[in-house]
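Protein chains in written order, with UniProt numbering: chain C, 1 to 227; chain E, 1 to 84.
Think of the CB as a built atom: it goes at the ideal place given N, C-alpha and C, for glycine as much as any other residue.
Okay, structure first, notes after.
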């Protein structure tokens, strides 16, 4: 399976993401610059964390108009797995690939610490390797992770099981303790916590690895004969 | 030539954590009469005249980039001026 790590000016978790895929998971991975005009050769698209375009105007608001985002939309429509972490999640929201928006953390502080998440839905291509209801430890690092959507959207998210991860103790004020959601089709996941920073016990937790393993396993089952 | 002033604020239904913190701070300074603060963004645009209607252009700009309609409202003032 071949992954693309999209790099925007101001991305700063791209190297961690590359390491998680290339070294820990042992899959093929390449950096793709934000002005790229094709993602056809990649099977999975990863939008890393950081401060794309300095978070000017709103987080993700400017990155969302990058050339490559047209291709990310195409990849999402084609059913390819698309994962946005932290700033990547914010960009997916601004691009309309996921519903809702981010507000400043309720505390107004930047939060950087490991948090406990509950796997709310393990029947997705991103979470198949976790147990339903499993508690995992993944670090967060953000100033704007306070997820918001209107009541109607929240009801839809709940009805379609699109809420994939919730915080055990809400660090940022996000609605319904939401830490990560998918689109309706289930092939686009946005999450504030950083699974790529939790891929080895040396880093304090290896709980993030199963997320990437889930993507690869479900992809192989669908695309490789005798997988 | 137009000078356009754009004001973007969080929608009434969306809690504004910055505004809330400033309200508390003003109350602590004994300005008890202040009951709410909403913090927003102010932008000044210089726009050349074109064949397109200025309101149409500004509304398009605001909904596509300057404001996020999921959480923000915007309003604007247009002032016509002579190019310098």
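Query: Taking the CB atoms as reference points, tell me whether residue 121 of chain C and residue 164 of chain C lie closer together than 7 Å.; Result: yes
Query: State yes or no: is the C-beta of residue 211 of chain C within less than 7 Å of the C-beta of residue 89 of chain C?; Result: no
Query: Could you give the distance in angstroms between the alpha-carbon of residue 53 of chain C and the alpha-carbon of residue 225 of chain C?; Result: 42 Å
Query: Mind listing the chain E neighbours of residue 58 of chain C? Cutoff is C-beta to C-beta under 7 Å, in chain order.; Result: 68
Query: With DSSP run on the structure shown, which of helix, strand or coil describes residue 62 of chain E?; Result: helix
Query: In angstroms, rounded to a whole number, what distance separates the CA positions of residue 24 of chain E and residue 33 of chain E?; Result: 12 Å
Query: Quick one: list the residues of chain C neighbouring residue 45 of chain E, beta-carbon separation under 8 Å, in chain order.; Result: Those do not exist, as residue 45 of chain E stays about 13 Å from chain C at its closest Cβ, beyond 8 Å.
Query: In chain order, what residues of the same chain lie with their CB nearer than 8 Å to the CB of residue 79 of chain E, ignoring the 5 residues before and after it?; Result: 2, 3, 4, 5
Query: Measure from the alpha carbon of residue 191 of chain C to the alpha carbon of each residue in C:184, C:87, C:103, then state which is nearest.; Result: C:87
Query: Measure the C-alpha to C-alpha separation of residue 230 of chain C and residue 22 of chain C and round it to an integer number of angstroms.; Result: There is no way to answer for residue 230 of chain C, as the model of chain C reaches only from 1 to 227.
Query: Measure the Cβ-Cβ separation of residue 63 of chain C and residue 70 of chain E and say whether it is below 7 Å.; Result: no
Query: Answer yes or no: do residue 177 of chain C and residue 145 of chain C have a C-beta to C-beta separation smaller than 7 Å?; Result: no
Query: Taking only beta carbons into account, state which residues of the region 27-53 of chain C come closer than 8 Å to chain E, listed in chain order.; Result: none
Query: Cβ of residue 72 of chain E within 7 Å of Cβ of residue 10 of chain E?; Result: yes
Query: Could you check how far apart the C-beta atoms of residue 47 of chain C and residue 75 of chain C are, in whole angstroms? I think they sit under 8 Å.; Result: Actually they are not in contact, since the Cβ atoms of residue 47 of chain C and residue 75 of chain C sit about 11 Å apart, beyond 8 Å.
Query: If the cut-off is 8 Å on Cβ atoms, which residues from the region 136-148 of chain C count as contacting chain E, listed in chain order?; Result: 146, 148
Query: Is any beta-carbon of chain E found at less than 7 Å from that of residue 101 of chain C?; Result: yes
Query: I'd like the list of long-range same chain contacts for residue 205 of chain C, defined as Cβ closer than 6 Å, with 5 residues on each side in sequence excluded.; Result: 137, 198
Query: Anything in the region 5-24 of chain E with a Cβ closer than 7 Å to a Cβ of chain C? List those residues in chain order, please.; Result: 14, 17, 18, 21
Query: Thinking C-beta only, is residue 223 of chain C closer than 7 Å to residue 85 of chain C?; Result: no
Query: Measuring only between beta-carbons, confirm whether residue 104 of chain C sits less than 7 Å from chain E.; Result: yes
Query: Which residues mark the beginning and the end of the alpha helix (DSSP H) in which residue 88 of chain C is found?; Result: 87-94
Query: In whole angstroms, what is the alpha-carbon distance linking residue 47 of chain E and residue 175 of chain C?; Result: 39 Å
Query: List the residues of chain E whose Cβ lies closer than 8 Å to the Cβ of residue 61 of chain C, in chain order.; Result: 65, 68
Query: Against chain E, which members of the region 108-139 of chain C pass a CB distance test of less than 8 Å?; Result: 108
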